[in-house]
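Visitor: Just so you know, the sequence shown maps onto residues 12 to 246 in our numbering.
We treat Cβ as the ideally placed atom computed from N, Cα and C, and that holds for glycine.
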Amino acid sequence: MTENAAGRFRYEAPRSVPAGLVEIRLRNDGAVPHKAQLWRISGNRSVAQAQRTGRPLPDWLNTAGGVALTEPGRTGTTVQTLAPGRYYVAGSGNERGVVAQLRATGTPTTGELPRAAARINAYDFAFRVSGLRPGRQAVEFRNTGAEPHHAYFAPMRAAATVADALRFFSGRGYVGPPPVDVDGTRETVVIEGRERQVTELDLPAGRYALVCFVRNRAGGPQHTELGMFQALTIR
Ligand SMILES: [Cu+2]
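1) Spell out a yes or no on whether the stretch 70 to 87 and the stretch 37 to 55 are touching, meaning 3 or more CB-CB pairs, one atom from each, closer than 8 Å.
2) Smallest Cα separation from Gln91: which of Met239, Ala216, Ser53 and Arg207?
3) Could you check how far apart the C-beta atoms of Val33 and Leu93 are, in whole angstroms? I think they sit under 8 Å.
4) Measuring straight from C-alpha to C-alpha, what distance separates Glu23 and Val110?
5) Buried or exposed: Gly248, going by 16 or more other Cβ atoms within 10 Å of its Cβ?
6) Could you tell me the distance, in whole angstroms, from the CA atom of Ala101 to the CA atom of Gly108?
7) Measure the C-alpha to C-alpha separation of Arg66 and Ala229 and round it to an integer number of angstroms.
8) Roughly how many whole angstroms lie between the Cα atoms of Arg197 and Thr244?
9) Jot down the residue ranges of each uninterrupted alpha helix (DSSP H) in the stretch 144 to 195, minimum 4 residues, whole runs only, in chain order.
10) Looking only at its own chain, which residues have a Cβ that is under 6 Å from the Cβ of Glu151, when we skip the five neighbours before and after it?
11) Within 10 Å of its beta-carbon, does His55 have 16 or more other beta-carbons around it, so buried, or fewer, so exposed?
12) Excluding sequence positions up to five away, which residues of its chain have a Cβ less than 6 Å from the Cβ of Gly122?
13) Can you name the residues that DSSP bridges to Trp50?
14) Give me whichever residues DSSP pairs with Leu243 in a beta bridge.
15) Where Pro83 and Asp213 are concerned, what is the direct C-alpha to C-alpha distance, given to the nearest angstrom?
16) Look at Val173 and Ala242 and say whether their C-beta atoms are less than 9 Å apart.
Below, the structure written as structure tokens:
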């Protein structure tokens with residue numbers, strides 16, 4: 012992906028890829044971190060229709076994985092399955108620019124995800140984390156719930172308490188400078204329930220708040236409100 016001086020991004024992708032187990036690489040030629048969020052569109056709806064959609068999410072639109080937030084000048088990698096169908100690739104919902112479109116075609120190839128020593132399991136509505144260590148690493152991110160989830164890591168500032176971070180992310184009128192470094196976050200993309208992927212995260216040693224901001228497909232509060240908040244130390 013690239014971006015111009017005005018911050019408008021452009022994603023580029025092959026028009027067609029074989030369905031099944033794929034490696035997705037995001038090369039970030041932009042100036043700030045970006046991710047590659049895949050969305051799958053069923054039927055003959057347009058990307059413009061998909062981008063106008065809020066909650067509730069219609070049946071014809073699903074999150075479909077992609078590559079975690081990647082630093083400028085770096086290439087991030089994810090291994091996952093792509094079901095046959097039509098996709099588009101975008102960043103965060105509030106970014107402006109040109110999305111890429113692609114099709115996954117043919118009989119899906121089969122294969123196993125690579126093994127990863129670290130695992131983040133998201134479910135309705137909490138996380139289970141194991142094996143994370145400092146530095147760049149492959150992480151198996153799996154969603155064993157029914158709702159879409161992501162994993163967002165915010166480094167906690169030295170003086171901040173877990174209660175500060177919880178209050179900050181619960182949106183209940185936190186006053187004062189943020190207790191987390193909002194420019195130093197790491198985050199996976201959103202995957203639907205029952206999906207999984209192996210993706211890369213670069214996590215310096217330290218304390219983090221791990222949260223999920225996604226809402227249920229039907230709507231409702233962000234998942235932080237439902238318990239998807241956890242403090243953890245990576246050492
Ligand atoms: Cu969630």
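Guide: In this structure, then:
1) yes
2) Here the question's residue 91 lines up with position 80 in the sequence shown. Nearest of Met239, Ala216, Ser53 and Arg207 to Gln91, Cα basis: Arg207.
3) Along the sequence shown, one-based indexing puts residue 33 at 22. Along the sequence shown, one-based indexing puts residue 93 at 82. Sure, about 5 Å apart at Cβ, within 8 Å.
4) For the purposes of this step, residue 23 is taken as the residue at position 12 of the sequence shown. For the purposes of this step, residue 110 is taken as the residue at position 99 of the sequence shown. Whole-angstrom Cα-Cα distance: 7 Å.
5) With the chain covering 12 to 246 only, the question about residue 248 has no answer from this structure.
6) Along the sequence shown, read from residue 1 onward, the residue named residue 101 stands at position 90. Along the sequence shown, read from residue 1 onward, the residue named residue 108 stands at position 97. For Ala101 and Gly108, the distance between alpha carbons rounds to 9 Å.
7) To locate residue 66, count along the sequence shown from 1; it is residue 55. To locate residue 229, count along the sequence shown from 1; it is residue 218. Distance between the alpha carbons of Arg66 and Ala229: 6 Å.
8) Your numbering for residue 197 matches position 186 in the sequence shown. Your numbering for residue 244 matches position 233 in the sequence shown. Taking the straight line from one Cα to the other gives about 14 Å.
9) 173 to 180
10) Position 140 of the sequence shown, counted from the start, is the residue given in the question as residue 151. Excluding residues within five positions, the ones whose Cβ falls inside 6 Å are Ala127, Arg130 and Val209.
11) The sequence position of residue 55 within the sequence shown is 44, counting from 1. Contrary to the premise, residue 55 reads as Asn rather than His in this sequence. Answer is exposed; the Cβ neighbour count stays below 16.
12) The residue you call residue 122 lines up with position 111 of the sequence shown. Only Leu32 meet the Cβ criterion.
13) Along the sequence shown, one-based indexing puts residue 50 at 39. Thr74 and Tyr99, per the DSSP bridge assignment.
14) The sequence position of residue 243 within the sequence shown is 232, counting from 1. Bridge partners of Leu243: Tyr219.
15) The sequence position of residue 83 within the sequence shown is 72, counting from 1. The sequence position of residue 213 within the sequence shown is 202, counting from 1. So the alpha carbons of these two residues sit roughly 13 Å apart.
16) Here the question's residue 173 lines up with position 162 in the sequence shown. Here the question's residue 242 lines up with position 231 in the sequence shown. Going by C-beta atoms, Val173 is nearer than 9 Å to Ala242.
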